[in-house]
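Numbering (UniProt numbering), first residue to last: 1 to 313.
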């Protein structure tokens, strides 16, 4: 049984091997993309048991995704295979300046048709953390219902609920999305927004306002990613404990996609191991910095030995 449970869609990722617009690209590298499975893979590499709940199509891409994630040591026993819907796909340009353009082909995918019947109550029995993002519940009403059902089970079983808003502009529907994500946030114990996501959700770029707004909703831990600079953190206990952890210098940024999920890996692994919050955030910064130095979403996530060596430099 996993210590951390994740729920969400993973897609076949095709990365352009040449820079420039996709219409001129002739070759691609195939990878797996998905925020939730990224976190599961990262935790597994650090020696933590993780489970990924999802649905894939009965097609070659679905088989490739499941086998790849399972090959990383992640439990995929609750991944269903749909005979009616296809596996989602995304294509990423290669950019020499700034973040690459990404094109999604996920409408009516197998994962977008998931519903609460995909959940098994006993699967949560020995888990410590339920990790969810804001991507999956924005795919469909059924996905929203699945997320809220998973949170209800997690609360009943005493799990920590960790919520990374992970807002995607392609899925954003303005106030409707904001209300839904805030409803999820109110049930979370830990929230991991980026600074721009925090602004969309609470209407401020000021850290004190952001942390106060989330704490007022009952969220105990607020950890906000501040890009390459570092991350703020705040915890309510008998008193509020807050601080800032500086980021790690990176010589060359190749691709920032997957950095936020890597940050979550660091924070969650630290919490599982009983580290102080500031050390967990520092670990998050470290893994996030490793992630941006490679092309694949999770390719830069370290093993335990690699992480220890990186942190000791």
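Glycine included, C-beta positions come from ideal geometry on N, C-alpha and C. Computed from a prediction, not measured in an experiment: that's the story for all the values here.
| Check | Outcome |
| --- | --- |
| Under DSSP, the beta strand (DSSP E) around residue 206 begins and ends at which residues? | Element bounds for residue 206: n/a, residue is neither H nor E. |
| Less than 7 Å between C-beta atoms, sequence neighbours within five positions excluded: which residues of the same chain meet that for residue 142? | 113, 114, 115 |
| Please work out which residues of its chain come closer than 6 Å, Cβ to Cβ, to residue 190, disregarding the five sequence neighbours upstream and downstream, and give them in chain order. | 162, 221 |
| Using the DSSP secondary-structure output, state which residues sit across from residue 80 in a beta bridge. | 55 |
| Specify, as a first and last residue, the run of the alpha helix (DSSP H) that residue 272 falls within. | 259-272 |
| Is residue 131 helix, strand or coil when you go by DSSP? | strand |
| Thinking just about the alpha-carbon of each residue, which of 232, 146, 85, 300 is nearest to the one in residue 130? | 146 |
| Suppose the cutoff is 7 Å on Cβ atoms and the five residues either side in sequence are ignored; what does the same chain contact list for residue 99 look like? | 256 |
| Going by the beta-carbon positions, is the gap between residue 40 and residue 79 smaller than 7 Å? | no |
| Which whole-angstrom value is the C-beta distance of residue 56 and residue 6, which I expect to be below 8 Å? | In fact, because the Cβ distance is near 15 Å, the residues do not count as touching under 8 Å. |
| Cutting at 6 Å between CB atoms, please list the residues of its own chain near residue 194, excluding the five before and the five after it. | 225 |
| When the Cβ atoms of the segment 274-292 are set against those of the segment 207-219, are three or more pairs found closer than 8 Å? | no |
| Write down the C-beta distance between residue 16 and residue 28 rounded to the nearest angstrom, noting that I regard them as a contact closer than 8 Å. | 6 Å |
| Which residues mark the beginning and the end of the alpha helix (DSSP H) in which residue 185 is found? | 175-185 |
| Apply the 10 Å Cβ neighbour rule to residue 175 and answer buried if 16 or more other Cβ atoms are within range, or exposed otherwise. | exposed |
| Secondary structure at residue 31, three-state DSSP: helix, strand or coil? | strand |
| Should residue 30 be labelled buried (16 or more other beta-carbon atoms within 10 Å of its own) or exposed? | exposed |
| Out of 282, 266, 286, state which residue places its alpha-carbon closest to the alpha-carbon of residue 48. | 266 |
| Can you give the beta carbon distance from residue 8 to residue 136, rounded, assuming they're within the 8 Å contact cut? | 4 Å |
| What are the start and end residues of each continuous beta strand (DSSP E) run of 3 or more residues lying completely inside the segment 86-140, in chain order? | 89-94, 102-105, 129-133 |
| Give every residue of the same chain whose Cβ lies closer than 7 Å to the Cβ of residue 230, excluding the five residues on either side of it in the sequence, and list them in chain order. | 244, 245, 246, 247, 285 |
| Which class does residue 75 belong to by DSSP, given the choice of helix, strand or coil? | strand |
| Reducing DSSP to helix, strand and coil, say where residue 49 ends up. | coil |
| Hey, residue 254 and residue 295 are a contact pair by Cβ (cut 8 Å); roughly how many whole angstroms apart? | 6 Å |
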